[in-house]
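The structure under discussion appears below in the form of structure tokens.
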Amino acid sequence: RKHYEWALKRAAADQERLPELEQRYRKNPKNRELKNQIREIRGTLDSQAYAAAALYRYTGESRYQDDLRRLCRVKTSEYPLIGFGAHPKTPKGESWNQEWAVWVYCLLDPNEKRYHGKVDIPLHERLTRAACNWADFRVVNPAQKRSFRNGYEWTMPHVTGQETTPYVLPAMVAWKLSGDAKYLACCYWAADYCLGGNPLNMCWVTQLGDRYPREVLHLDSQYDGIEEAVPGIVPYGPRREGDRGTPWFDGPWDNDCGRNTAYPYHKQWPIAELWFENRYNPQGNEFTCSQNIAPSTAVYGFLCAPASGKFAPNKRPLVRITKLSLKREGSTPSVTITAEAQDPDGTVAEIEIFADHLKIGSIPK
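So in the numbering used here, spot 249 of the sequence shown is number 249, and the numbers just go up one at a time.
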């Protein structure tokens with residue numbers, strides 16, 4: 001609470017200046033300094049709205065609800081929770097991000113004793129409808145239009161996990177608020193897509209499933225001598241073209257580097273298939289917790305049944321090469337490898353044999 005009050009006082013002067021700055025910017029829209037000042041102030045106000053919603057939900061003190069009401073930019077149920085140019089209801093020249101503020105407030109139960117019957121019901125109902133409309137725009141409508149039914153914002157470019165990370169948090173919240181099955185369906189569709197039902201048949205979580213990314217940019221694994229990245233990493237995945245030549249991304253660090261190995265020419269490939277096992281590529285093979293791992297964890301956990309307490313981890317299969325024999329017929333040598341495998345859980349689908357990280361053969365089960 002002390003931090004909240006401190007931030008509120010510091011931002012009061014900037015908030016008073018905002019209308020003047022916006023008026024000046026409308027007269028001179030090319031002034032980048034004005035634009036940045038406005039963006040910073042608006043961002044601070046959005047953070048205050050989030051804090052006010054969280055503090056009201058936690059304490060039930062009406063003053064925080066009053067602050068949220070004053071700071072809320074979602075003026076009608078048709079307004080987006082994130083105001084940006086691609087949404088038809090965003091006023092021209094304005095922007096905001098009050099997604100989490102609205103969600104935190106909508107998900108409170110007005111009947112809880114801590115609120116003493118003082119929840120602003122019209123505000124709560126308006127923002128609840130807005131949250132559901134936002135989920136329709138952000139998730140449901142794109143999922144119904146897009147192949148494979150993967151729902152994420154229609155205008156979002158392939159940059160930070162659109163092919164690998166289920167971006168369906170708006171649908172999760174809308175299902176909780178409304179119980180409408182269409183929102184839950186979108187969560188399942190996105191999970192199906194990211195866990196293997198995609199053009200690469202890739203399960204986009206390291207060490208999960210039969211086919212998963214192996215060469216991700218995870219310096220901790222590489223420093224510790226771990227050949228494959230640790231389990232549970234969700235990389236950025238396929239990325240749009242166009243990073244070539246920037247100072248940070250040259251040679252193998254460049255996402256476009258791997259495209260030169262594609263045949264036919266990479267522009268003839270769908271972008272969902274243009275991903276390469278190149279651990280040095282930050283744009284496609286790196287990750288962040290906030291952009292990839294946290295959303296994935298939330299969605300997959302949301303869809304899982306409650307734990308029974310009886311889970312037992314799989315037992316690791318054992319493979320042992322028992323014999324190597326070399327034969328030469330004329331100038332052509334051949335190598336025969338004899339191996340034994342133990343499969344305690346009955347889950348092994350195929351045995352693959354590698355030499356110096358190169359696959360040299362496989363043995364079907």
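Ideal Cβ positions, reconstructed from N, Cα and C, are used throughout, including at glycine.
### Message
Measuring straight from C-alpha to C-alpha, what distance separates R240 and W6?
### Response
Residue numbering aside, residue 240 sits at position 240 when the sequence shown is read from its first letter. Residue numbering aside, residue 6 sits at position 6 when the sequence shown is read from its first letter. If you take the alpha carbons of R240 and W6, they lie about 42 Å apart.
### Query
Can you check whether the CB of C203 is closer than 8 Å to the CB of Y193?
As a first step, residue 193 must be located in the sequence shown, where it is residue number 193. As a first step, residue 203 must be located in the sequence shown, where it is residue number 203. No, these two residues do not count as a Cβ contact at 8 Å.
### Task
Compute the Euclidean distance between the alpha carbons of S325 and P364, then round it to the nearest angstrom.
If you number the sequence shown from 1, residue 325 lands on position 325. If you number the sequence shown from 1, residue 364 lands on position 364. So the alpha carbons of these two residues sit roughly 20 Å apart.
### Query
Between F276 and G258, is the Cβ-Cβ spacing less than 8 Å?
Residue 276 sits at position 276 when you count from the first residue of the sequence shown. Residue 258 sits at position 258 when you count from the first residue of the sequence shown. Yes, Cβ-Cβ distance for F276 and G258 is below 8 Å.
### Task
Please report how far the alpha carbon of E286 lies from the alpha carbon of S362, in whole angstroms.
Here residue 286 refers to the residue found at position 286 when the sequence shown is read from its first residue. Here residue 362 refers to the residue found at position 362 when the sequence shown is read from its first residue. Using only the alpha carbons, I get a separation of about 29 Å.
### Message
Can you list, in chain order, the residues of its chain with a C-beta nearer than 8 Å to that of C106? Leave out the 5 residues immediately preceding and following it.
### Response
In the sequence shown, counting from the first residue as 1, residue 106 sits at position 106. Excluding residues within five positions, the ones whose Cβ falls inside 8 Å are H124, L127, T128, A131, V173 and L177.
### Task
Give the straight-line distance between the Cα atoms of Q207 and E329, rounded to the nearest whole angstrom.
Indexing the sequence shown from 1 puts residue 207 at position 207. Indexing the sequence shown from 1 puts residue 329 at position 329. Spanning the two alpha carbons is a distance of roughly 40 Å.
#### Entry: F137, buried or exposed, once every other Cβ within 10 Å from all chains shown has been counted against 16
Position 137 of the sequence shown, counting from 1, holds the residue named residue 137. Classification of F137: buried, given that the 10 Å Cβ count is 16 or more.
### Task
Would you mind listing the alpha helix (DSSP H) stretches within the region 172-250 that are 4+ residues and don't spill past its ends, in chain order?
181-194 and 219-223
### W96 - partner residues in DSSP beta bridges
Working through the sequence shown from its first residue, we reach residue 96 at position 96. In the DSSP output, where bridge partners are listed per residue, W96 has G83.
### Query
Rounded to the nearest angstrom, how far is the Cβ of Q37 from that of A11, given a contact under 8 Å?
Stepping through the sequence shown from its first residue, residue 37 is reached at position 37. Stepping through the sequence shown from its first residue, residue 11 is reached at position 11. Between A11 and Q37 the Cβ distance is about 13 Å, and since that is not below 8 Å, they are no contact.
### Query
I226: which of R214, G196 and F84 sits nearest, CA to CA?
Your numbering for residue 226 matches position 226 in the sequence shown. Closest by alpha carbon: R214.
### Task
For F354, name the three-state secondary structure that DSSP assigns.
Here residue 354 refers to the residue found at position 354 when the sequence shown is read from its first residue. Strand at F354.
### Task
Find the nearest neighbour of E99 within the set P80, K113 and N260, judged by alpha-carbon distance.
Start at 1 with the first residue of the sequence shown, and residue 99 comes out as number 99. The shortest Cα separation from E99 among P80, K113 and N260 belongs to P80.
### Task
If I'm right that K315 touches P344 with Cβ under 8 Å, what's the distance once you round it to whole angstroms?
Translated into the one-based positions of the sequence shown, residue 315 becomes position 315. Translated into the one-based positions of the sequence shown, residue 344 becomes position 344. Right, their Cβ atoms sit about 4 Å apart.
### Task
Please confirm if the region 19-36 is in contact with the region 58-70, defined as three or more CB-CB distances below 8 Å between the two stretches.
no
### Proximity below 8 Å, CB of P238 to CB of E163
As a first step, residue 238 is located in the sequence shown; it is residue number 238 there, counting from the start. As a first step, residue 163 is located in the sequence shown; it is residue number 163 there, counting from the start. Yes, the pair counts as a contact, with Cβ atoms nearer than the cut-off.
### Message
Please tell me whether V299 and C187 are closer than 8 Å, where the distance is taken between their beta carbons.
### Response
On the sequence shown, residue 299 is found 299 positions in, with the first residue counted as 1. On the sequence shown, residue 187 is found 187 positions in, with the first residue counted as 1. Yes, they are a contact pair.
### Query
Once you ignore the five residues that flank P94 on each side, which residues in its own chain have a CB closer than 7 Å to its CB?
As a working mapping, residue 94 is identified with position 94 in the sequence shown. According to the sequence displayed, residue 94 carries Glu and not Pro. Result list for E94: G83, in chain order.
### Message
Can you give me the C-alpha to C-alpha distance between I233 and I121, rounded to a whole angstrom?
### Response
Looking up residue 233 in the sequence shown gives position 233. Looking up residue 121 in the sequence shown gives position 121. Whole-angstrom Cα-Cα distance: 42 Å.
### Proximal residues to N141 (C-beta, below 6 Å), its chain only, five neighbours per side dropped
Here residue 141 is taken as the residue at index 141 of the sequence shown, counted from 1. Hits under 6 Å: none found.
### Query
With DSSP run on the structure shown, which of helix, strand or coil describes G346?
Here residue 346 refers to the residue found at position 346 of the sequence shown. Looking at G346 - three-state DSSP - the assignment turns out to be coil, as it is neither helix nor strand.
### Message
Relative to the C-alpha of L71, which candidate in D46, A305 and V348 has its C-alpha closest?
### Response
Against the sequence shown, residue 71 aligns to sequence position 71. Looking at the Cα atoms, D46 is the closest of the given residues.
### Task
In angstroms with no decimal places, state the Cα-to-Cα distance between A53 and K118.
Within the sequence shown, residue 53 is the residue found at index 53, counting from 1. Within the sequence shown, residue 118 is the residue found at index 118, counting from 1. Roughly 14 Å between the two C-alpha positions.
### Task
Answer with buried or exposed for D189, where buried requires no fewer than 16 other C-beta atoms within 10 angstroms of its C-beta.
Here residue 189 refers to the residue found at position 189 of the sequence shown. It should be noted that the sequence gives Trp, not Asp, for residue 189. It counts as buried.
### Check whether G209 and L195 have beta carbons under 8 Å apart
As a position in the sequence shown, residue 209 is number 209, starting the count at 1. As a position in the sequence shown, residue 195 is number 195, starting the count at 1. Yes, Cβ-Cβ distance for G209 and L195 is below 8 Å.
### Query
What number of angstroms, rounded off, separates the C-alpha of A101 from the C-alpha of E153?
The sequence position of residue 101 within the sequence shown is 101, counting from 1. The sequence position of residue 153 within the sequence shown is 153, counting from 1. Their Cα atoms are separated by approximately 20 Å.
### Reference V168, options Q291, V216, A86 and K113, closest by Cα
Here residue 168 corresponds to residue number 168 of the sequence shown, with the count starting at 1. That would be Q291, whose Cα lies nearest to the Cα of V168.
### A12 (DSSP reduced to helix, strand or coil)
Indexing the sequence shown from 1 puts residue 12 at position 12. The answer is helix: DSSP assigns A12 an H, G or I state.
### Query
What's the call for A307, buried or exposed, on a 16-neighbour Cβ count within 10 Å?
Position 307 of the sequence shown, counting from 1, holds the residue named residue 307. Exposed, since its Cβ has fewer than 16 Cβ neighbours within 10 Å.
### For L324, the three-state DSSP class (helix, strand or coil)
Translated into the one-based positions of the sequence shown, residue 324 becomes position 324. Correct three-state label for L324: strand.
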